[in-house]
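Protein chains in written order, with the numbering used here: chain A, 3 to 249; chain B, 3 to 249. Note that beta-carbon positions come from the ideal geometry of N, C-alpha and C, so glycine has one too. Just so it is clear, the structure is predicted and the values come from calculations on it, not from any experiment.
There are 2 protein chains.
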Amino acid sequence: MTSSAPDIVFTAPVTEDVVFSPVRSQTAFEETVERLGTAIRLGLLLPGTRLPAERELCMKLGIARSTLRQALTALSQGGLLHASRGRGGGTFVADPQPPTEPPSAELVSNWREVSDCRLAVEVGIVALAAERAGDTALDGLAALVDLMERQLADFPAYRQSDVLFHVGLAESTGSQRLVAAMTSTQGEMTGLISLIMHPPEVLRSANRQHRRLVEALTARDGPRAARIMAEQVRATEHVLAGLLPSG
Amino acid sequence: MTSSAPDIVFTAPVTEDVVFSPVRSQTAFEETVERLGTAIRLGLLLPGTRLPAERELCMKLGIARSTLRQALTALSQGGLLHASRGRGGGTFVADPQPPTEPPSAELVSNWREVSDCRLAVEVGIVALAAERAGDTALDGLAALVDLMERQLADFPAYRQSDVLFHVGLAESTGSQRLVAAMTSTQGEMTGLISLIMHPPEVLRSANRQHRRLVEALTARDGPRAARIMAEQVRATEHVLAGLLPSG
DNA sequence: GGCTAAGGACGGACCTTCACACCTCTAGGG
DNA sequence: CCCTAGAGGTGTGAAGGTCCGTCCTTAGCC
């Protein structure tokens, strides 16, 4: 009977690998370091920004103050934060950001998995944004495109606006989970993207895609927006494929 | 100068809410219960399936045996597993599966967030599958569509094949993370979907969409596949919107 | 009857997290 | 000049989760 065939096909090792794959539960300390660290490195928290007071922040994060302090100490030692005591003091995002360290060998070897995942996340979010994004959000995205247009010669600045653009896209869906997925994805991509040369002409062409994307979203044309995003992600992927081992 | 506008827009509370949102790390025990529990409830592990031996499984999961045993005990008490001792024994997926409990009030109130997230995940995965899915995977998906065609009158059986279809879709991308995202999403949706009536005519029309989707994937037509998937998810969403508080 | 592979049970060591109380610093007001 | 409010900095002990190693019990097979 042919009806048993699919059962066999889908009891394939792939599913089992996923079900039985390692369940690494990060500690609250580790997760806090990672959360705040990527937010800072991605520019979601700008240099000079003052974090909420420890006693307040630990409540927002749902952890004990001592645990939070472990994380803050680690980030301070890494040069991402600095604390000042006394009245009017607080914990601030460090002003001279430490240079971004080169991506780990592990990230580089997994680059295709990361990039594939990014494609799915970006396209999925764009599809949802096409029906959910409000006018305010779209205006913000358009303003960012204009800003990037003026940053073509300064890659670090451009890249930062680029991150804000993609995160803003996720925000426009109104889904906190999707924003989290996007920040996590962008965090992983940052290391890889830093490996690539970015002459202004390339950035200009990329930004043209951004503009077309916003236009498609404004027109509520989900399929077109998805196609534009897919093209852009694939373009980056092709460049990476030329630079890195095929993984 | 207008260039400062986007900064203001994107330092919006939304991002901060995400960065400073609670970081509740599940314990290894909890995560294991959830992982195995959803795999069983979704039918990824069929009744009668024998799990790997404890000493082997705890290594695969990267946890201590005592922790694993806590999880297995919890699942046994929940009626999802049963263990038999002695040589040739083992831990098996229970044969008469306990009835699915009604979805929690918390899930019902968040249904729109869940459904939005699902749209993004499904569309993103389909977009990637359109360029990655191999012939074997596509054959498997087509076989599942045929199977579902014969299960229109038996909703539980249909739904199980439906889950396998969507998970198979994720598998066809070759990305473990996306398979994990899909299983998690399907796990959340199951409770909501069980609230809806499913006359055979509705299932037949849904399955027609499945078939068109596979055709689009076979033709490597990503945009079309994404559109079909978006339509289908939205259809479910509209039904839910009619049943549940607007959330 | 013994061997063996499986689940079942226990106890101690280690680390994380937590709550609570207390100390130190510093800008700004009286 | 002092004093106070608000911020970070410190210490301690309890509680709980996780791990590891060890041993016990069951039951099929030679």
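Using CA atoms only, rank isn't needed, just tell me which of the options is closest to residue i.
| i | options | result |
| --- | --- | --- |
| T238 of chain B | B:T17, B:R152, B:I198 | B:I198 |
| S177 of chain B | A:L77, A:P247, A:L121 | A:L121 |
| F31 of chain A | A:G136, A:Q72, A:R114, A:R57 | A:Q72 |
| P101 of chain B | B:P158, B:E56, B:R87, B:E133 | B:P158 |
| A232 of chain A | B:L149, B:S186, B:E133, B:G64 | B:E133 |
| F94 of chain A | A:S106, A:S27, A:G81 | A:G81 |
| V20 of chain A | B:T40, B:V20, B:T29 | B:T40 |
| E173 of chain A | A:L143, A:E217, A:T51 | A:L143 |
| A55 of chain A | A:G45, A:R89, A:P24 | A:R89 |
| A227 of chain B | B:A218, B:Q234, B:D148 | B:A218 |
| A145 of chain A | A:D164, A:A129, A:I127 | A:D164 |
| V216 of chain B | B:E190, B:L171, B:A183, B:R161 | B:L171 |
| L149 of chain A | A:N112, A:T138, A:L166, A:G136 | A:L166 |
| D118 of chain A | B:S111, B:A129, B:L44 | B:A129 |
| P247 of chain A | A:R161, A:E115, A:A135, A:A182 | A:E115 |
| R161 of chain A | A:T75, A:D137, A:I195 | A:I195 |
| E151 of chain B | B:M191, B:E203, B:R37, B:L140 | B:E203 |
| D156 of chain B | B:P201, B:G244, B:A183, B:G136 | B:P201 |
| A243 of chain A | A:T220, A:T138, A:W113, A:L140 | A:W113 |
| L59 of chain B | B:Q79, B:R43, B:G92 | B:G92 |
| L70 of chain B | B:R37, B:A139, B:L140, B:P24 | B:R37 |
Taking only three categories from DSSP, how would you classify residue i?
| i | result |
| --- | --- |
| L83 of chain A | strand |
| G189 of chain A | helix |
| G64 of chain A | coil |
| T51 of chain A | coil |
| F157 of chain A | helix |
| F31 of chain B | helix |
| G254 of chain A | Residue coverage of chain A in this structure runs from 3 to 249, which leaves residue 254 of chain A outside it and unanswerable. |
| I127 of chain A | helix |
| L219 of chain A | helix |
| G224 of chain B | helix |
| S23 of chain B | coil |
| T4 of chain A | Any reading at T4 of chain A must be qualified, since the residue scores a pLDDT of 38, below 50, and its modelled position is unreliable; the value itself is stated next. Of the three classes helix, strand and coil, the one that applies to T4 of chain A here is helix, per DSSP. |
| N112 of chain A | coil |
| S174 of chain B | coil |
| T13 of chain B | Reliability fails at T13 of chain B, whose pLDDT of 48 lies under 50, so the model's placement of it is uncertain and the value that follows must be treated cautiously. Coil. |
| M199 of chain A | coil |
| L77 of chain B | helix |
| L166 of chain B | helix |
| G45 of chain A | coil |
For the beta strand (DSSP E) containing residue i, list its first residue and its last residue.
| i | result |
| --- | --- |
| T102 of chain B | Looking at the DSSP string, T102 of chain B is not in any beta strand (DSSP E), and its letter there is neither H nor E. |
| T138 of chain B | Unbroken run through T138 of chain B is the alpha helix (DSSP H), 137-151; no beta strand (DSSP E). |
With DSSP as the reference, please indicate the residues paired to residue i in a beta bridge.
| i | result |
| --- | --- |
| T93 of chain A | A:A85 |
Could you tell me how far apart the beta carbons of residue i and residue j are, in whole angstroms, since I believe they sit closer than 8 Å?
| i | j | result |
| --- | --- | --- |
| T34 of chain B | I65 of chain B | 7 Å |
| G193 of chain A | L109 of chain A | 6 Å |
| I127 of chain A | L180 of chain A | 5 Å |
| Q188 of chain B | H212 of chain B | Actually they are not in contact, since the Cβ atoms of Q188 of chain B and H212 of chain B sit about 15 Å apart, beyond 8 Å. |
| S27 of chain B | Q28 of chain A | 5 Å |
| R57 of chain B | R67 of chain B | 6 Å |
| D97 of chain B | G50 of chain B | 6 Å |
| L63 of chain B | F22 of chain A | 6 Å |
| L154 of chain A | R87 of chain A | Actually they are not in contact, since the Cβ atoms of L154 of chain A and R87 of chain A sit about 42 Å apart, beyond 8 Å. |
| V125 of chain B | N209 of chain B | Contact flag wrong, Cβ pair sits at about 19 Å. |
| A183 of chain A | V235 of chain A | At roughly 15 Å, the Cβ-Cβ gap does not stay under 8 Å, so A183 of chain A and V235 of chain A are not in contact. |
| P225 of chain A | P225 of chain B | 5 Å |
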